[in-house]
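Take any residue in the sequence shown, note its place counting from 1, add 65, and you have its number in this note's numbering. Glycine is no exception: its CB is placed at the ideal position from the N, C-alpha and C atoms. In what follows, a structure is listed as structure tokens, so that the remarks can point back to it.
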Amino acid sequence: MINNRIANDFLSQSVSEDDLKNVKAIIQALLEGNETDEEIHEKTGIKLNTVRKLLYKLHDASIANYKRNKDPETQWFTYSWSFNEKEYIEKITKFYNNRIEERKTLLDELENNLYFVCCMDQEHFKGDYAESSEYEFYCPICDYELEPYDSKKEKSLLKRRITIDKKNFKKLMDSYNKQTGKNGN
Ligand SMILES: [Zn+2]
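Here you go:
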């Protein structure tokens, strides 16, 4: 449920590349029933400060909650954390749907429009017919001619990404359903 491309990409919106591995270990520890930052720190070996920082990031993303308790002996406050699986799945589902939608829109545009690129360097210019005719089909950067853009590669890349996303999302949902099924027993 955590080791999944879509889950990775979703979590990467909230944490840096370096923290991704840690945040996944923390989620795993929460799922296994570790509640306090100390317990998570001991379980994962991640520095206590990092554990705390990342727990609050998960909280900001609304996928982790905490309860504050006062220790009757020491009068210290302790925080018991929990992972909000339902919210996590809902948020990932939204993230996934948006991404599929964006890629399908892009694919539609490529299929229904003719684009032009600079014949010297595609980074210079890429535009549809109207945009290209504004420049009279000359590159606005280097003044070489524009040529029709061959979108075959980009289209097949998009199609592949959509297929991979669908497959990964199915895997994620399968593992979630299996897990909630187990908890229900
Ligand atoms: Zn150019």
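With a threshold of 16 other beta carbon atoms within 10 Å, LEU172 meets it and is buried. Annotation for LEU211: the continuous beta strand (DSSP E) segment containing it runs 211-213. In the structure shown, the three-state DSSP call for SER147 is strand. Under the three-state reduction of DSSP, ASN99 is assigned to coil, being neither helix nor strand. Distance check between PHE234 and each of GLU155, LEU223, VAL80 places GLU155 closest, using alpha-carbon atoms only.
Around the CB of TYR121, fewer than 16 other CB atoms lie within 10 Å, so the residue is classed as exposed. Between the segment 130-139 and the segment 179-194 there are fewer than three C-beta pairs closer than 8 Å, too few to call the two in contact. DSSP places TYR121 in the uninterrupted alpha helix (DSSP H) bounded by 113-125. Within its own chain, the residues whose Cβ lies closer than 8 Å to the Cβ of LEU95, once the five positions on either side in sequence are excluded, are ILE105, ALA129, TRP146, SER147, PHE148, listed in chain order. Of the residues assessed, TYR194 falls on the exposed side of the cut-off, its CB having fewer than 16 other CB atoms within 10 angstroms. Under DSSP, GLY192 shares a beta bridge with PHE181.
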